[in-house]
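Down below is the structure, laid out as structure tokens.
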Amino acid sequence: MYSSKISGFYKLSIEERLNLIKEKVGLDANEINILKNFGYYKPEEMDILIENVIASYQLPYSIACNFKINGKDYLIPMVIEEPSVVAAASNVARMTRKSGGFHCDSIKQIMIGQVQIVNINDVENAVKKIEDNKEKLIKIANEQDPILVKLGGGAVDLEIRPIETIKGPMIIIHLLVNVLDAMGANAVNTMAEAVAHHLEELTNGEVYLRIISNLATHRMARCKATFDKDMLGGPEVVEGILYAYAFAKSDVYRASTHNKGIMNGIIALTLATGNDTRAIEAGAHTYASLNGYSPLSKFSKDSEGNLVGELELPLALGIIGGLTKTHPLAKISLKILGIDNAEELAQIAVALGLCQNVAALRALASEGIQAGHMRLHKRKEQKKIKN
Ligand code: MEV
277 MYSSKISGFY KLSIEERLNL IKEKVGLDAN EINILKNFGY YKPEEMDILI
327 ENVIASYQLP YSIACNFKIN GKDYLIPMVI EEPSVVAAAS NVARMTRKSG
377 GFHCDSIKQI MIGQVQIVNI NDVENAVKKI EDNKEKLIKI ANEQDPILVK
427 LGGGAVDLEI RPIETIKGPM IIIHLLVNVL DAMGANAVNT MAEAVAHHLE
477 ELTNGEVYLR IISNLATHRM ARCKATFDKD MLGGPEVVEG ILYAYAFAKS
527 DVYRASTHNK GIMNGIIALT LATGNDTRAI EAGAHTYASL NGYSPLSKFS
577 KDSEGNLVGE LELPLALGII GGLTKTHPLA KISLKILGID NAEELAQIAV
627 ALGLCQNVAA LRALASEGIQ AGHMRLHKRK EQKKIKN
């Protein structure tokens with residue numbers, strides 16, 4: 277048994293860290309060779325992204341085909357380890373083309389910065405003071421990011437939310453910030469920190485937390501699509517999907533897995549574009565739980581018996597900031613998608629999520645996921661033999 281207590285691990289070079297781990301756990305030469313292969317990253321580039329780096333972790337990078345979204349065709353890069361997901365999405369995307377593909381709403385790129393004020397003697401008076409100084413607070417926030425403001429973004433509003441907690445009353449400020457093409461955490465956190473002191477003065481209270489909320493309810497992505505009944509496998513498959521939806525609506529154990537299927541698509545694209553997968557998951561599942569945990573998608577049948585699917589969730593996806601512009605594959609992903617704005621990325625993500633959901637429900641309502649996997653596996657084995 278080794279001791280995990282290592283002081284100053286972060287100060288060592290990658291080589292030194294690797295040697296230390298090798299000694300501690302007994303890695304062999306082959307394992308060391310695998311760890312030393314950084315792929316398209318230089319070790320020193322990887323080393324500055326996070327702390328204590330010893331290697332680079334690779335996953336398959338794949339392309340989902342056949343998507344038409346708001347009249348435009350897209351090839352969608354996906355980073356995911358699970359077999360069948362990309363094939364199923366590509367297959368089901370075809371089934372929407374007859375009716376024009378996926379139709380997505382436009383999205384406001386507005387994020388919420390939360391400021392927590394505690395120890396307020398007179399909450400009512402404090403709320404009024406903040407209300408009276410709203411414009412001034414927004415101005416202070418905007419002074420933190422003149423470039424964002426110049427480009428048309430910046431703080432646009434401020435919401436005041438008094439809440440009761442186990443540690444007494446608090447006022448929570450929501451600073452609403454149009455972050456344009458960024459995910460937005462840096463801009464929003466900076467602004468939230470900048471208004472904190474003024475809020476303390478106005479309320480005679482104390483500010484503790486100043487941080488973005490991942491429940492991005494002002495950055496909602498929505499889409500709708502009609503899936504051809506015959507291509508899906510006939511009226512029984514449509515009926516099976518409607519039964520699956522009814523099940524998820526009335527049972528949280530099923531709703532969790534139903535939503536996991538949606539996130540298979542969304543997270544694969546989130547990773548492929550260098551976005552924050554944890555932020556997207558947190559926002560999605562919290563949104564799903566607002567009125568008791570529910571499926572994020574909705575299903576019905578049109579007058580011809582085709583399946584109509586809708587999906588709505590908060591999607592804070594950016595194309596600037598974080599890894600989005602520095603990760604070599606994230607940059608290529610935007611080129612493959614043919615996009616230059618964050619709104620389109622979120623529209624593609626929500627369409628992919630809906631498609632992935634239908635693909636999973638279709639498989640579950642017909643041959644079953646395992647049988648589908650086995651069929652794909654058999655095809656792969658045959659390909660291997662041929663080669
Ligand atoms: C597996 O990754 C995803 C599914 O479980 C989703 C679902 O059950 O709807 C197949």
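Each residue of the sequence shown is one higher than the one before, starting from 277 at the first, in the working numbering. Even glycine gets a Cβ: it sits at the ideal position worked out from N, Cα and C.
### Task
Could you tell me how far apart the beta carbons of G598 and M446 are, in whole angstroms, since I believe they sit closer than 8 Å?
With 8 Å as the limit, G598 and M446 do not qualify as a contact, their Cβ atoms being about 30 Å apart.
#### Entry: Reference I488, options F285, N409 and A558, closest by Cα
A558
### Message
My parser needs the beta strand (DSSP E) runs of 3 or more residues fully inside the stretch 305–349; what are they?
### Response
337–345
### Task
Starting from L640, follow the beta strand (DSSP E) in both directions and report where the run begins and ends.
Looking at the DSSP string, L640 is not in any beta strand (DSSP E); the run it does join, the alpha helix (DSSP H), is A618 to A641.
### Query
When burial is assigned at 16 or more other CB atoms within 10 Å of the CB, is M486 buried or exposed?
Looking at the sequence itself, residue 486 is Arg, so the reference to Met does not match. By the neighbour-count rule (16 or more Cβ atoms within 10 Å), R486 is buried.
### Message
Helix, strand or coil for V394? Go by DSSP, reduced to three states.
### Response
strand
### Task
Out of L351, N306, A635 and Y278, state which residue places its alpha-carbon closest to the alpha-carbon of L545.
L351
### Query
L637: beta carbon under 7 Å from a heavy atom of the ligand MEV?
yes
### Task
Take every Cβ of the stretch 387–397, pair it with every Cβ of the stretch 462–471, and state whether three or more of those distances are shorter than 8 Å.
yes
### Query
Are the beta-carbon atoms belonging to T549 and T600 less than 8 Å from one another?
yes
### Query
Quick one: does the C-beta of N367 sit closer than 7 Å to a heavy atom of the ligand MEV?
no
### Message
Along the chain, where does the alpha helix (DSSP H) containing K426 start, and where does it finish?
### Response
P422 to K426
### Task
Return yes when the Cβ of P511 is within less than 8 Å of the Cβ of G581, no when it is not.
yes
### Message
If you measure between the beta carbons of R495 and P353, is that distance less than 8 Å?
### Response
no
### Message
Just verifying my parser: in three-state terms, what is the DSSP assignment at R498?
### Response
strand
#### Entry: Sub-8 Å separation of L583 and V634 beta-carbons
yes
### Message
With three or more beta-carbon pairs closer than 8 Å as the criterion, would you say the stretch 279–298 touches the stretch 325–333?
### Response
yes
### Message
According to DSSP, simplified to helix, strand and coil, what is K483?
### Response
Note on identity: in this sequence residue 483 is Val, with Lys being the wrong assignment. Strand.
### Span separating the alpha-carbon of I339 from that of I442
49 Å
### Task
Assess, as a yes-or-no matter, whether the stretch 371–379 is touched by the stretch 620–635 under the definition of 3 or more beta carbon pairs within less than 8 Å.
yes
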